[in-house]
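Asks:
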Amino acid sequence: MGNQEYGNMTKGKRAEFGTKLGVLATTVGSAVGLGNIWRFPYEVGTHGGGAFLLCYFVFVFLIGVPLMCSEFAMGRGTRSNIFGAYRKLAPGGHWQIAGYLAIIAAVLILSFYSVVAGWTVEYFFQSVSGSLNLDSQQAYHNKFDEFSTGSFRPIFWTIAFLAANVVILLRGVSNGIEKMSNLLMPILFLILIAFCVNSLFLPGAAEGIKFLFMPDFSKITGTVLLGALGQAFFSLSLGMGCMMTYSSYFKDDTNLVRSSFTIAALDSLVAIMAGIIIFPAVFSFGGEPAAGPTLVFEVLPTIFHRMPFGAVWSSLFFFLLFLASLTSTISVSEIVIAFLIEEKKMSRRKATWFMMSVVILFGALCSLSFGPFKGFTIAGLTVFNLFDFVSSNILLPLGGFILAIFTGWKLNSGYMRDQLTNNGRLRGREFGFIMTCVKFICPAAILLVFLNCIGIL
Ligand code: PHE
Numbered sequence: 081m082g083n084q085e086y087g088n089m090t091k092g093k094r095a096e097f098g099t100k101l102g103v104l105a106t107t108v109g110s111a112v113g114l115g116n117i118w119r120f121p122y123e124v125g126t127h128g129g130g131a132f133l134l135c136y137f138v139f140v141f142l143i144g145v146p147l148m149c150s151e152f153a154m155g156r157g158t159r160s161n162i163f164g165a166y167r168k169l170a171p172g173g174h175w176q177i178a179g180y181l182a183i184i185a186a187v188l189i190l191s192f193y194s195v196v197a198g199w200t201v202e203y204f205f206q207s208v209s210g211s212l213n214l215d216s217q218q219a220y221h222n223k224f225d226e227f228s229t230g231s232f233r234p235i236f237w238t239i240a241f242l243a244a245n246v247v248i249l250l251r252g253v254s255n256g257i258e259k260m261s262n263l264l265m266p267i268l269f270l271i272l273i274a275f276c277v278n279s280l281f282l283p284g285a286a287e288g289i290k291f292l293f294m295p296d297f298s299k300i301t302g303t304v305l306l307g308a309l310g311q312a313f314f315s316l317s318l319g320m321g322c323m324m325t326y327s328s329y330f331k332d333d334t335n336l337v338r339s340s341f342t343i344a345a346l347d348s349l350v351a352i353m354a355g356i357i358i359f360p361a362v363f364s365f366g367g368e369p370a371a372g373p374t375l376v377f378e379v380l381p382t383i384f385h386r387m388p389f390g391a392v393w394s395s396l397f398f399f400l401l402f403l404a405s406l407t408s409t410i411s412v413s414e415i416v417i418a419f420l421i422e423e424k425k426m427s428r429r430k431a432t433w434f435m436m437s438v439v440i441l442f443g444a445l446c447s448l449s450f451g452p453f454k455g456f457t458i459a460g461l462t463v464f465n466l467f468d469f470v471s472s473n474i475l476l477p478l479g480g481f482i483l484a485i486f487t488g489w490k491l492n493s494g495y496m497r498d499q500l501t502n503n504g505r506l507r508g509r510e511f512g513f514i515m516t517c518v519k520f521i522c523p524a525a526i527l528l529v530f531l532n533c534i535g536i537l
């Protein structure tokens, strides 16, 4: 979504996504990214496998889908971003606090996400140049360790990735990127299927599949629940108004409920595929599932190395992952930029540079926290982990909590019914289920998980 649309918004005329595919492509573009392919496996790995997966699924369908419907209803109904939407629906209230939380979350996410996207770019070039050709899992571990703990290279790639964002944001060419990713994401999907098949045939693959799919209920703790909740929000781009902003460009006849289910299903499918690729390999090659944020970058190259034409697969994969990350960061950036333009009256150019200066600074800190600043921790977390934890596990669910209270209790249910049934044109069989979740299950579950984690429950 580029400046044309935001420009139009202020003039009262707004562009709309022309096709069903347009609706899906942009929202899935935001949802599918490093969250599925990098964050999901490492969260599963550190939180005990199947038990985490189960909680994650429950949260995606009982909290994620209903809250996505809420975001869609608010976005399309008001044709506004998060600030405007709360303001139009509840003038003079304090609900806009959700907007401020979203801005903080967006800046934190952009900062750590860009570091990982930078790693992707490095690994793309390494694949192309043929230097990802090592002979053991340990060697790949050492290689990644040496790279990520360095100062210059990872920061360079972080900044390069952000620069790509700036170009797109300033030129308003995200339409082009979206079109390109429409074309290329199905290819990502296909090669993920190929990688899944490949992983399933690794010696000892069953061990990894068991780890991923067999829940050990004794492993479900407060931290696992919070992790799964955060992952559900993060992966679905929920809780900070991304989906709300995108839905403000939907047509009046877009089926919001069905779209939410489709997006959640596709997003989960990609995450599961990433799990099916990673865990058999981890167990087969003798890796450590709980390696944390570096997991995927240590395991994937080993997988590619053993495949015929490994360098080709690897280059293609890292390139597509880079693109998938780009469509996600653009959606996050738009939250901050729209805020600076509309609320702080900055020009698009000034807003972009202002935001990027902050993000480059924070991004560099995140990157250095793998190396020189490793010892600097707050509550036991490095800067990178802290940014990740605070945004995904606290701010997004908090934004979701406010959203649930607002759309479940403050708005009259006629508004939600009109939006979710397109003014009665759809039968709305799921309406009762969605609203029960929005009203009761979402706020209660988020609250319980929070209370449990701070030790009150
Ligand atoms: N959902 C994106 C991903 O999985 C990340 C994201 C989070 C995007 C929050 C927008 C808002 O990669």
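Going by the working numbering, the sequence shown opens with residue 81, and the numbers climb by one from there. Where a beta carbon is used, it is the ideal one built from N, C-alpha and C, also for glycine.
Between the alpha carbons of Leu531 and Leu190, how many angstroms are there, rounded?
Replies: 28 Å
Asks: So does Phe314 have its beta carbon nearer than 6 Å to some heavy atom of ligand 1?
Replies: Phe314 has its Cβ nearer than 6 Å to a heavy atom of ligand 1.
Asks: Assuming contact is defined by CB atoms lying nearer than 7 Å, are Val379 and Val362 in contact in what I supplied?
Replies: yes
Asks: Could you check whether the segment 478-487 touches the segment 316-323, counting it as contact only if at least three pairs of C-beta atoms, one from each stretch, sit closer than 8 Å?
Replies: Result yes; three or more Cβ-Cβ pairs closer than 8 Å.
Asks: Who pairs with Leu461 in a beta bridge, going by DSSP?
Replies: Leu461 is bridged to Ile458.
Asks: Taking Met148 as the reference, which of Leu506, Ser364, Val438 and Cys522 has the closest Cα?
Replies: Cys522
Asks: DSSP on Ala344, reduced to helix/strand/coil?
Replies: When secondary structure is reduced to three states using DSSP, Ala344 falls in the helix class.
Asks: For ligand 1, I want to know if Leu270 counts as a neighbour, meaning its beta carbon is within less than 6 Å of at least one of the ligand's heavy atoms.
Replies: no
Asks: Can Gly113 and Ser471 be called in contact, C-beta distance under 7 Å?
Replies: no
Asks: Excluding the five sequence neighbours on either side, which residues of its own chain have a C-beta within less than 6 Å of the C-beta of Ala431, listed in chain order?
Replies: Ile417, Leu420 and Ile421
Asks: What's the C-alpha gap between Leu309 and Phe139?
Replies: Approximately 6 Å, taken between the alpha carbons.
Asks: To the nearest angstrom, how far is it from the Cα of Lys223 to the Cα of Gln311?
Replies: 28 Å
Asks: With Phe141 and Ala344 assumed to form a contact (beta carbons below 8 Å), what rounded beta-carbon distance in angstroms separates them?
Replies: 7 Å
Asks: Where does Ala524 land, buried or exposed, given buried means 16+ other C-beta within 10 angstroms?
Replies: exposed
Asks: Would Ile117 and Ala354 qualify as a contact pair, given that the criterion is a beta-carbon distance under 7 Å?
Replies: yes
Asks: Please state whether DSSP places Leu282 in a helix, a strand or coil.
Replies: In the three-state scheme derived from DSSP, where H, G and I count as helix and E and B as strand, Leu282 is classed as coil.
Asks: Quick one: grab the DSSP three-state call for Gln206.
Replies: helix
Asks: Could you please give the first and the last residue of the uninterrupted alpha helix (DSSP H) stretch that includes Leu375?
Replies: Counting along the chain, the alpha helix (DSSP H) containing Leu375 begins and ends at Leu375 to Arg386.
Asks: Ligand 1 heavy atoms versus the CB of Val196: any closer than 6 Å?
Replies: No - ligand 1 has no heavy atom lying nearer than 6 Å to the Cβ of Val196.
Asks: Please state if the CB of Leu181 and the CB of Gly488 are separated by a distance shorter than 7 Å.
Replies: In this structure, Leu181 does not lie closer than 7 Å to Gly488 by Cβ.
Asks: With a CB to CB cut of under 7 Å and the five nearest residues on each side skipped, what residues in its chain are close to Leu264?
Replies: Leu400 and Leu403
Asks: If I follow the unbroken alpha helix (DSSP H) through Met496, where does it start and stop?
Replies: Ser493 to Leu500
Asks: Should Leu242 and Met515 be called a contact, given that it needs their Cβ atoms to be closer than 7 Å?
Replies: no
Asks: Locate the alpha helix (DSSP H) running through Gln311, then write down its first and last residues.
Replies: Looking at the DSSP string, the run of the alpha helix (DSSP H) that includes Gln311 is Gly302 to Ser315.
Asks: Excluding the 5 residues preceding and the 5 following Met89 in the sequence, name in chain order all residues of the same chain whose CB lies nearer than 7 Å to its CB.
Replies: At Met89, the pLDDT of 38 sits below 50, so the modelled position is not reliable and the matter cannot be decided from this model.
Asks: In angstroms with no decimal places, state the Cα-to-Cα distance between Glu80 and Ala178.
Replies: The requested residue 80 is not part of the displayed model; the chain covers only 81 to 537.
Asks: When we look at the beta-carbon of Asp347 and count the other beta-carbons within 10 Å, is it buried (16 or more) or exposed?
Replies: buried
Asks: Below 8 Å on the Cβ atoms is my contact criterion, and I expect Phe359 with Gly288 to pass it. Report the Cβ-Cβ distance as a whole number of Å.
Replies: That pair is a contact at about 3 Å.
Asks: Decide yes or no for the touch test of the segment 130-138 against the segment 331-341: beta carbon pairs closer than 8 Å, at least 3 of them.
Replies: Contact between the segment 130-138 and the segment 331-341 is not established, with fewer than three Cβ pairs separated by less than 8 Å.
Asks: I want to check one thing, is the minimum distance from the CB of Cys276 to the heavy atoms of ligand 1 below 6 Å?
Replies: no
Asks: Report the rounded CA-to-CA distance for Ala165 versus Thr501, giving the unit in angstroms.
Replies: In a straight line, the C-alpha of Ala165 is about 19 Å away from that of Thr501.
Asks: Can you find at least 3 beta carbon pairs, one from the segment 292-301 and one from the segment 455-470, that sit closer than 8 Å?
Replies: In this structure the segment 292-301 does not lie against the segment 455-470, because fewer than three pairs of beta carbons, one per stretch, are closer than 8 Å.
Asks: I need the DSSP call for Thr487, collapsed to helix, strand or coil.
Replies: Three-state result, Thr487: helix.
Asks: When you compare only the Cα positions, how much space is there between Ile440 and Ser207?
Replies: Cα-Cα distance, rounded: 26 Å.
Asks: Please confirm whether Ser211 and Leu282 have their CB atoms less than 7 Å apart.
Replies: no
Asks: Can you give me the C-alpha to C-alpha distance between Pro388 and Gly102, rounded to a whole angstrom?
Replies: 36 Å
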